[in-house]
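With positions in the sequence shown counted from 1, the corresponding number in the numbering used here is that position plus 112.
Read the structure below first, then the notes.
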Amino acid sequence: MRTDVCDPVAERDALPSWARAVARFSPSERVLPAILQRQAEHYGERVLFVSGEERWTYADTVQIAAASAQTLIEAGLKPGDRVALMCSNRPEFLRVYLGCAWLGAIVVPINTALRGLQLSHVLRNSRPALLVVEAPYLAAIETIEPDVQLPPSIWIIGSAVETALSAVPLPPLGACACAGAIRPADTVAILYTSGTTGPSKGVCCPQAQMFWWGIYSARALGLREGDVLFTTLPLFHTNALNAFYQAMLNGCTYVLEPKFSASGYWAAARRHQATVGYLLGAMASMLLAQPKREEESTHGLRVALGGGVPAQVHRSFFERFGVPLLDGYGSTETNFVFAGTIPSDRPGTMGYLADGIEARIVDEDDTELPDGEAGELVLRAKEPFAFASGYYGMAEKTVEAWRNLWFHSGDRVVREPSGHFRFIDRMKDSIRRRGENVSSWEVEQAIQAHPAVAACAVYPLPSELGEDEVAVAILLEPGQSLEPVDVIRHCEAMIAYFAVPRYVRIVAQMPLTENGKIKKGVLREAGVTADTWDRDAAGIRVRRQ
113 MRTDVCDPVA ERDALPSWAR AVARFSPSER VLPAILQRQA EHYGERVLFV SGEERWTYAD
173 TVQIAAASAQ TLIEAGLKPG DRVALMCSNR PEFLRVYLGC AWLGAIVVPI NTALRGLQLS
233 HVLRNSRPAL LVVEAPYLAA IETIEPDVQL PPSIWIIGSA VETALSAVPL PPLGACACAG
293 AIRPADTVAI LYTSGTTGPS KGVCCPQAQM FWWGIYSARA LGLREGDVLF TTLPLFHTNA
353 LNAFYQAMLN GCTYVLEPKF SASGYWAAAR RHQATVGYLL GAMASMLLAQ PKREEESTHG
413 LRVALGGGVP AQVHRSFFER FGVPLLDGYG STETNFVFAG TIPSDRPGTM GYLADGIEAR
473 IVDEDDTELP DGEAGELVLR AKEPFAFASG YYGMAEKTVE AWRNLWFHSG DRVVREPSGH
533 FRFIDRMKDS IRRRGENVSS WEVEQAIQAH PAVAACAVYP LPSELGEDEV AVAILLEPGQ
593 SLEPVDVIRH CEAMIAYFAV PRYVRIVAQM PLTENGKIKK GVLREAGVTA DTWDRDAAGI
653 RVRRQ
């Protein structure tokens, strides 16, 4: 009897979960309805989603997606329509998302901290046919600018509150709809990311991009079938949304907590029997700053995604909690394109380039630079529709970012001879604060609207928690005065809480270039000067309205 005969079933089962997922779905099937139905056939009553008291099996989730799509159809929604969604981490967020993805509509998640100017831009740019908003954020909708037209239908999630808006409760689930005729290139979500020299841009994410996010991330993290993925990050951002795809594609369970709590993180991880965690730079530092607790040594986390964490924090985190942090790099426009090894042999680097992605370091003329020289990182995918397709309603910005058929990241990076990539700094005029991208342009627009302000410049200063703090230098109109605390209160009503400056500096003159542009580099290099007011030191807290 021959013993060397290949057993294709055994070989397939021996593959890692992400490789089995790639083999299971043909290119045309890399869309949410096909993925969800196939995985439900395979995993059935295994739990896919946990949030509070809600527990959805794979089979349940198919029914919820199909029934949610039917409620959208009955409301007059059709494929390609946009559904704006302003909601915190709760099951209804995922219900609406799944319904849109099942039907072929496009979900537009809105950061729940947006107000006034920023929120107006998102609604004006996306032109949704339906707005779904959690009750506490109805007041935010009422802050939009008068020229913004709200859609005819507004659904409210949660308990009813008094509002001037014409809105009705989120409809209950009923009958199930058949999945739409959806293709991998079809946009499933428009995710707004920080602008640089202009307003935030709506990134058009194809169905297949989400599939590859789930695959590339799972490969980097070493996900195993049956893992419990634990996140406290907001669903309106790429990280948490794509962790759901990681779970769905790899036979895992996805646990969604309402928000991050440094004091309660390890207890929650242990309670859910989590094996994989998701952290952003400042969160790791916050956990290290906590007093020691029993839970931090009795959890079951095997690894955590921790891109943007300084090398020393990597070491301290592993020594104290026994959890390696995975280095990585990605963006809403691209995918999970770089990852370190576990345990990382080069903490603090971006890691190695993922298979299926091409990268170059180029100069200002897009000429490739040799190893060791810093330049702009440009990227492209080998797999169809693994990257975003462009910026919604911004054709010129799309052409600029994807010029020469490479996505231009706006980040200065060095490729080392070892093959590692090392992040240097951002070339673009944006700020990263505690996991949130802050558009300096949008903050400047808000501050410039104050009648006492003649000119202002918003720029990053280093944070003791890692990443940046928001700083602003202000030149006043002649004869005007302005207290720093009044700048804070002015900003609170117009921009997200995380974008409100920590540092305010009133200056007699701005450093200017020969053509009259403000030299932000000079302001950054000056740092926290003697005449810089510090909101934290003054004990002023930003109100999260």
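Glycine is no exception: its CB is placed at the ideal position from the N, C-alpha and C atoms.
Residue i classed as buried or exposed, judged by whether at least 16 other C-beta atoms fall within 10 angstroms
i              : result
asparagine 516 : exposed
glycine 164    : exposed
glutamine 230  : buried
valine 616     : buried
alanine 401    : exposed
alanine 276    : exposed
cysteine 603   : buried
histidine 520  : buried
glycine 228    : buried
aspartate 259  : exposed
cysteine 568   : buried
isoleucine 536 : exposed
glutamine 557  : buried
valine 599     : buried
proline 455    : Because proline 455 sits at a pLDDT of 49, beneath the cut-off of 50, its placement in the model cannot be relied upon, and the point is left open.
glutamine 592  : exposed
glutamate 589  : exposed
serine 329     : buried
Boundaries (first-last residue) of the beta strand (DSSP E) holding residue i
i                 : result
tyrosine 615      : 615-619
leucine 343       : Looking at the sequence itself, residue 343 is threonine, so the reference to leucine does not match. Here the beta strand (DSSP E) through threonine 343 covers 340-343.
alanine 583       : 580-588
tryptophan 79     : Any property of residue 79 remains undetermined from this structure, which presents the chain solely from 113 to 657.
phenylalanine 470 : Correcting the residue identity first, residue 470 is glutamate in this sequence and not phenylalanine. Counting along the chain, the beta strand (DSSP E) containing glutamate 470 begins and ends at 469-474.
proline 692       : Since the displayed the chain opens at 113 and closes at 657, residue 692 lies outside it and no answer follows.
glycine 211       : Here glycine 211 belongs to no beta strand (DSSP E); instead the alpha helix (DSSP H) covers 203-215.
glutamate 548     : 548-551
serine 129        : Serine 129 -> not in any beta strand (DSSP E); alpha helix (DSSP H) instead, spanning 129-136.
isoleucine 268    : 265-269
histidine 520     : 519-527
serine 163        : 159-163
glycine 434       : Taken as a continuous stretch (DSSP letters only), glycine 434 belongs to no beta strand (DSSP E), as it is neither H nor E.
tyrosine 390      : 388-390
Other residues of its chain near residue i: CB distance less than 8 Å, five sequence neighbours each side excluded
i              : result
asparagine 627 : The predicted model places asparagine 627 with a pLDDT of 48, which falls under 50 and marks its position as unreliable; any figure quoted below should be read in that light. If we look at asparagine 627 and ignore the five residues flanking it on each side, it has no Cβ neighbours.
alanine 247    : Ile268, Ile269, Gly270, Ser271, Ala272, Val273
aspartate 116  : Its pLDDT being 48, under 50, aspartate 116 is placed unreliably in this model, and the value from its coordinates should be taken loosely. Contacts found: none.
arginine 656   : Ala225, Tyr609
aspartate 648  : Arg614
arginine 167   : Val159, Phe161
glutamate 485  : Ile473, Val526
proline 145    : Ala177, Ala213, Trp214, Ala291, Gly292, Ile294
methionine 493 : Position check: residue 493 holds alanine in this sequence, whereas methionine was assumed. Answer for alanine 493: Trp324, Thr446, Asn447, Gly468, Ile469, Glu470, Phe499, listed in chain order.
Cβ-based neighbour list, residue i, same chain, cut-off 7 Å, excluding 5 preceding and 5 following
i             : result
lysine 509    : Lys313, Tyr503
alanine 355   : Leu341, Thr343, Tyr366, Tyr390
serine 397    : Val425, Leu577, Gly578
glutamate 637 : none
Proximity test, residue i beta-carbon vs the ligand NAP heavy atom, cut-off 7 Å
i           : result
leucine 226 : Of ligands this structure carries none, so the ligand NAP is not represented either.
Residues near residue i by beta carbon distance below 6 Å, same chain, minus five either side
i              : result
histidine 659  : Only positions 113 to 657 of the chain appear in the structure, and residue 659 is not among them; the question remains open.
aspartate 580  : Ile543, Arg544, Arg545, Pro572
asparagine 223 : Phe348
lysine 404     : none
Beta-carbon separation (whole angstroms), residue i vs residue j, contact threshold 8 Å
i             : j              : result
valine 640    : isoleucine 586 : Rounded, the Cβ-Cβ distance is 15 Å, inconsistent with contact.
alanine 179   : cysteine 288   : 5 Å
leucine 353   : alanine 386    : Actually they do not touch by this definition, with Cβ atoms about 18 Å apart.
glutamine 470 : leucine 491    : Sequence check: residue 470 is glutamate here, not glutamine. That pair is a contact at about 7 Å.
proline 296   : proline 496    : 7 Å
valine 280    : leucine 335    : With a Cβ gap of about 40 Å, valine 280 and leucine 335 do not count as contacting.
valine 550    : valine 582     : 6 Å
Limits of the alpha helix (DSSP H) - the one that residue i falls within
i              : result
arginine 331   : 319-333
threonine 173  : 170-186
valine 356     : Before going further, note that residue 356 is phenylalanine rather than valine in the sequence given. Phenylalanine 356 -> alpha helix (DSSP H) spans 350-362.
aspartate 193  : Careful: aspartate 193 lies outside any alpha helix (DSSP H) and carries neither H nor E.
isoleucine 302 : Where isoleucine 302 is concerned, there is no enclosing alpha helix (DSSP H), although the beta strand (DSSP E) it sits in stretches over 299-305.
aspartate 598  : 596-604
proline 145    : 144-155
Between the region 177-188 and the region 211-228, can you find at least three pairs of beta-carbon atoms closer than 8 Å?
With the cut-off at 8 Å, the region 211-228 and the region 177-188 touch.
Sufficient close CB pairs (3 or more, under 8 Å) joining the region 526-535 to the region 552-569
Not touching, per the Cβ criterion.
Does the contact criterion of 3 or more C-beta pairs under 8 Å hold for the region 565-582 versus the region 632-651?
For the pair of segments examined, the region 565-582 was found to touch the region 632-651: the number of CB pairs separated by less than 8 Å reaches three.
Is the region 468-479 close to the region 429-445, with three or more CB pairs under 8 Å?
The region 468-479 is not in contact with the region 429-445.
Contact between the region 402-420 and the region 434-453 (3+ Cβ pairs under 8 Å):
With a cut-off of 8 Å on Cβ pairs, the region 402-420 is in contact with the region 434-453, counting three or more such pairs.
Do three or more CB pairs link the region 314-329 to the region 298-306 at distances below 8 Å?
Short answer: they touch.
Would the region 360-371 count as touching the region 144-159 if we require 3 or more Cβ pairs under 8 Å?
Counting Cβ pairs under 8 Å, three or more are found: they touch.
Pairs of beta-carbons, one from the region 238-258 and one from the region 197-209, closer than 8 Å: are there three or more?
Proximity of the region 238-258 to the region 197-209 meets the contact definition, three or more beta-carbon pairs being nearer than 8 Å.
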